[in-house]
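J.:
Numbering (the numbering used here), first residue to last: 242 to 632.
#1: Considering only the beta carbon of each residue, do residue 387 and residue 368 sit closer than 8 Å?
#2: In three-state terms, what does DSSP make of residue 562?
#3: Could you name each continuous alpha helix (DSSP H) segment of 4 residues or more that falls completely within the stretch 334–383, going from the start of the chain to the end?
#4: Around the C-beta of residue 284, are 16 or more other C-beta atoms found within 10 angstroms, so that it is buried, or is it exposed?
#5: Please name the residue in 371, 296, 560 whose C-alpha comes closest to that of residue 528.
#6: Suppose contacts are defined by Cβ-Cβ distances below 8 Å. Is residue 536 in contact with residue 504 by that definition?
#7: Could you tell me the alpha carbon to alpha carbon distance between residue 264 and residue 331, rounded to whole angstroms?
#8: Measuring CB to CB, does residue 466 end up less than 8 Å from residue 437?
#9: Could you give the DSSP three-state label for residue 294: helix, strand or coil?
#10: By the 10 Å Cβ neighbour count, where 16 or more other Cβ atoms means buried, how is residue 360 classified, buried or exposed?
#11: Rounded to a whole number of angstroms, what is the C-alpha to C-alpha distance between residue 520 and residue 472?
#12: In chain order, what residues of the same chain lie with their CB nearer than 8 Å to the CB of residue 246, ignoring the 5 residues before and after it?
#13: When you compare only the Cα positions, how much space is there between residue 276 and residue 458?
#14: Below 6 Å CB to CB, which residues in the same chain sit around residue 341 once its five sequence neighbours on both sides are set aside?
#15: For residue 455 and residue 429, which I take to be in contact (beta-carbon distance under 8 Å), what is that distance rounded to the nearest angstrom?
#16: Which runs of the alpha helix (DSSP H) fall wholly inside the stretch 410–465 and span at least 4 residues, in chain order?
#17: Please state whether DSSP places residue 544 in a helix, a strand or coil.
#18: Considering only residues of the same chain and omitting the five flanking positions on each side of residue 525, which have a CB-CB separation below 7 Å?
#19: Buried or exposed: which applies to residue 420, given that a residue is buried once 16 or more other Cβ atoms fall within 10 Å of its Cβ?
#20: What residue range does the alpha helix (DSSP H) around residue 497 cover?
#21: Determine, using beta carbons only, whether residue 263 comes closer than 8 Å to chain C.
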């Protein structure tokens, strides 16, 4: 029994020496508490051995936990590269990122990085935090360090590609996005951005190849088909573009931009009835309403239905007055030129009328002794009624 207690005491001392050595290397103040508890455990155990005293159950548990188990667990975590403190700081950083507290997130990630300066994952997290703050320069540095430490970090390559694209460095963006897709070919976001970059470089055929490769991995991604349709339209490959937009509609029937784009293709091909159907579908999107009405006016002009053309053009102008001037400059609308001229003259007359009213009201009340805003408003409305012909 004495031998066992001596071996136990030596083990406690060896583990104490290990913890002290770790403290000397890391200067982690949290280890000071561990060392203090270990010293107490070792002293109690040594005294019990020297004086042949058996500690009570509580002291025995304390000696086992603080003298053996706790430092041995610390040894195992170091051996298997498990750092509890680093994990805590990373999780804190993730929590702060989720709640948009980027300053605290950066501090937590930096503390974790101080414990392991060669952890590329932490550099990537710092890059995301700086990116969220709008500090692109620092974010770029952190992402660059992340890929330097981990060549398979496809997400950091993608983030660098975004920054290069924003800075107008399209060729550099292409290189890093190619790296991201080399590591993870099914990375859809990187494929979409690479295709955009290639289009900016004028490499439309390469962009289409990128979309085709991405579709192999995400055959139900309607956005890929829609984007490819836009590129094929740019290349004036209308048949292929039409197929892309039809696929989009089959996957996402409420994407009204696809109906509008398909309507334009039908209009270019002279298939007026199909174009009419598509533009009427795109009217369900309020943001597309004005230009859909305008395109419908074109359809009816080409169909020689001038009354309908005027009606739909009026709808477009009512939503966005700029379509009046646009129509005036397009030869297609020469058939209803008189209508457009009348609209223009009516607008000028209305503007002139409003100016005269304002001047008369202003002249009258520059000498008026009316005291309240309500009185002024009432009198102004009387002038408006007078000039508009109301009794």
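The beta-carbon is built from N, C-alpha and C at its ideal position, and this holds for glycine as well.
T.: This is what the structure gives:
#1: In contact: residue 387 and residue 368 (Cβ atoms closer than 8 Å).
#2: The answer is coil: DSSP assigns residue 562 none of H, G, I, E or B.
#3: 343–356, 361–374, all fully within the stretch 334–383.
#4: By the neighbour-count rule (16 or more Cβ atoms within 10 Å), residue 284 is not buried but exposed.
#5: The residue from 371, 296, 560 with its alpha-carbon nearest to that of residue 528 is 560.
#6: Here residue 536 is near residue 504, since their CB atoms are less than 8 Å apart.
#7: Rounded to whole angstroms, residue 264 to residue 331 spans 21 Å at the Cα level.
#8: It is not a contact, given that the beta carbons lie outside the stated cut-off.
#9: In the three-state scheme derived from DSSP, where H, G and I count as helix and E and B as strand, residue 294 is classed as coil.
#10: By the neighbour-count criterion, in which 16 or more other beta carbons inside 10 Å mark a residue as buried, residue 360 falls on the buried side.
#11: In this structure, the CA atom of residue 520 is about 21 Å from the CA atom of residue 472.
#12: Excluding positions up to five away in sequence, the list reads 286, 289, 290.
#13: One C-alpha to the other measures close to 55 Å.
#14: Contacts found: none.
#15: Taking the Cβ atoms as the reference, residue 455 lies roughly 6 Å from residue 429, within the contact range of under 8 Å.
#16: Secondary structure in the stretch 410–465: the alpha helix (DSSP H) runs of 4 residues or longer, each lying completely within the stretch, are 411–424, 429–441, 445–458 in chain order.
#17: Three-state result, residue 544: coil.
#18: Cβ neighbours of residue 525 beyond the five flanking positions: 497.
#19: Residue environment analysis places residue 420 among the buried positions, since at least 16 neighbouring C-beta atoms fall within 10 angstroms of its C-beta.
#20: Per DSSP, residue 497 belongs to the alpha helix (DSSP H) from 497–510.
#21: In the structure shown, chain C cannot be found, because there is only a single protein chain.
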